[in-house]
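**Q** So the protein lines, in turn, are chains A and B. So the first sequence is numbered by the working numbering: it starts at 121 and just counts up by one. So the second sequence is numbered by the working numbering: it starts at 121 and just counts up by one. Yeah, the Cβ is synthetic: ideal placement off N, Cα and C, and Gly gets one too.
Protein chains: 2
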Amino acid sequence: MAQPVDFFFFYGSLYTYIAVMRIDAAAKAAGVSVRWRPFNLRAIMIEQNNVPARNPVKMRYVWRDIERRCQAYGLPFRAGPPYPVDPELRVNRVGTVAAVEGWCPEFSRAVYTAWMRDHQAPHEHLERTLRDLGKDPLAVLVQADDDVTKAQLESETNAARDLGIFGAPTFAVGSEIFWGGDRLDEALAYAKGR
Amino acid sequence: MAQPVDFFFFYGSLYTYIAVMRIDAAAKAAGVSVRWRPFNLRAIMIEQNNVPARNPVKMRYVWRDIERRCQAYGLPFRAGPPYPVDPELRVNRVGTVAAVEGWCPEFSRAVYTAWMRDHQAPHEHLERTLRDLGKDPLAVLVQADDDVTKAQLESETNAARDLGIFGAPTFAVGSEIFWGGDRLDEALAYAKGR
Chain A
121 MAQPVDFFFF YGSLYTYIAV MRIDAAAKAA GVSVRWRPFN LRAIMIEQNN
171 VPARNPVKMR YVWRDIERRC QAYGLPFRAG PPYPVDPELR VNRVGTVAAV
221 EGWCPEFSRA VYTAWMRDHQ APHEHLERTL RDLGKDPLAV LVQADDDVTK
271 AQLESETNAA RDLGIFGAPT FAVGSEIFWG GDRLDEALAY AKGR
Chain B
121 MAQPVDFFFF YGSLYTYIAV MRIDAAAKAA GVSVRWRPFN LRAIMIEQNN
171 VPARNPVKMR YVWRDIERRC QAYGLPFRAG PPYPVDPELR VNRVGTVAAV
221 EGWCPEFSRA VYTAWMRDHQ APHEHLERTL RDLGKDPLAV LVQADDDVTK
271 AQLESETNAA RDLGIFGAPT FAVGSEIFWG GDRLDEALAY AKGR
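#1: Excluding the five sequence neighbours on either side, which residues of its own chain have a C-beta within less than 8 Å of the C-beta of L246 (chain A), listed in chain order?
#2: F227 (chain A) by DSSP, collapsed to three states: which one?
#3: Give the interface partners of I138 (chain A) over in chain B, defined as CB-CB distance under 9 Å, in chain order.
#4: Taking the beta strand (DSSP E) that P158 (chain A) falls in, what are its first and last residues?
#5: Does the beta-carbon distance from N169 (chain B) to Q168 (chain A) come in below 8 Å?
#6: Name the DSSP beta bridge partners of Y131 (chain B), please?
#7: State yes or no: is the beta carbon of V177 (chain A) nearer than 8 Å to at least one beta carbon in chain B?
#8: Between Q123 (chain B) and chain A, is the shortest Cβ-Cβ distance under 8 Å, so that the two count as touching?
#9: Go through the stretch 167-209 of chain A residue by residue and report every complete run of the alpha helix (DSSP H) that reaches 4 residues or more, in order.
#10: Determine the extent of the alpha helix (DSSP H) in which Y241 (chain B) is found, giving its start and end residues.
#11: Pull up the distance between the alpha-carbon of L283 (chain B) and that of D267 (chain A), whole angstroms please.
#12: Give the DSSP-derived three-state secondary structure of D126 (chain A) in the structure shown.
#13: Give the DSSP bridge partners of E296 (chain A), in chain order.
#14: Measure the alpha-carbon distance for A139 (chain B) versus G300 (chain A) and round it to whole angstroms.
#15: Using a Cβ distance threshold of 8 Å, determine whether the stretch 143-150 of chain B contacts the stretch 186-199 of chain B, with at least three qualifying pairs required.
#16: In three-state terms, what does DSSP make of A218 (chain B)?
#17: With distances taken Cα to Cα, identify the nearest neighbour of V177 (chain B) among A:E274, A:T136, A:F286 and A:G222.
#18: Quick one: is N170 (chain A) near chain B, going by C-beta distance under 8 Å?
#19: Does I297 (chain B) get closer than 8 Å to chain A when you measure Cβ to Cβ?
#20: Given D265 (chain A), which residues of its chain have a CB within under 8 Å of its CB, disregarding the five upstream and five downstream residues?
#21: Cβ of F129 (chain A) within 8 Å of Cβ of T277 (chain A)?
#22: Rounding to the nearest angstrom, what Cα-Cα distance links W223 (chain A) and E208 (chain A) in this structure?
#23: Go to D252 (chain A), then tell me how far its alpha helix (DSSP H) extends in each direction, as first and last residue.
Here's what the structure looks like:
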């Protein structure tokens, strides 16, 4: 029987867009289940002094590469989305609530599509995003800001750190990690036991 | 008619191993010609404060990922090669001579195989590597150390910088760059005009 894939990601990571849009269909086709696990990548990157966003040469490439990959996968993308986003980590905390409650995939796809296609910074459009998903925005935001949710996000960040994760998206199968959207199919094959 | 692919790489980059071993066969199958262009990636990474080797968490992953990819491609690899290597850039200067003279592919494959399979640090085995390729080691090393070769390596580094290159391997088709061995097939498709 296939092992589950733990999908570690961060609302704010650019390449996560493609994984968010692809993973459920790819995992379903492979017969693998997915656990959506948002974590605080920003904290880990700062700890490791590994902040690609500080390198304008690399960022220029990243945007172009994402554009090309969206074309290849048929995903909507319009050059120039706002970046960086979610300075207070509130989107990540809503994602944490969503992961606990089981609506993380649709929340994530809504956030990323609005960001990459419509240039809506996720933290500036949380209420509308939640309303469109049929949620009570105020109730969810209160929950996202409470100590339980903050502790949950920190706990997931610790789990990512313990696995040796340093970027997003990362797919984990047990203790075996696969970094980058390019490794999704490899991670799914590994989860199936090859 | 297909455009050529410029293969920018650095003797010292780990992932370059896989590209060095794969590119000629893949390019031939695609009907694309390859220009082997060693450059001083170390200088560019230091300029950009982008030095993954300083991040032990990331490096642990990189070694494991390389091991998995070598298995997938049937390339020899034994865990634990010496790293970093080529502190004086002499291997890179010999590669520069080889690129000018047309024997860069076989030199590069010999260097990387001895490094990744046999744990021979490239800069410590230059003479034997050259002798095995039928070269006069002393003559080549004198040439590698002369000002013309140093200027040539610097010129290639400038060309890489001008293209926006920040890592290796990078494949360039005109001004379009593709970073990482994972993008080899995409670069070849682009060179063919898709």
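**A** In short:
#1: R210, V211, V214, P257 and L261
#2: helix
#3: Residues of chain B passing the Cβ test: none, with the nearest at roughly 13 Å.
#4: V154 to P158
#5: no
#6: B:S133
#7: yes
#8: no
#9: 176-193
#10: Looking at the sequence shown, residue 241 (chain B) is not Tyr but Ala. A241 (chain B) -> no alpha helix (DSSP H), and no H or E assigned at all.
#11: 48 Å
#12: In this structure, DSSP gives D126 (chain A) an extended state, which the three-state scheme calls strand.
#13: A:V293
#14: In this structure, the CA atom of A139 (chain B) is about 18 Å from the CA atom of G300 (chain A).
#15: no
#16: helix
#17: A:F286
#18: yes
#19: yes
#20: Once the five neighbours on either side are set aside, the close Cβ partners of D265 (chain A) are R210 and R213.
#21: no
#22: 21 Å
#23: For D252 (chain A), the enclosing alpha helix (DSSP H) stretches over residues L246 to D252.
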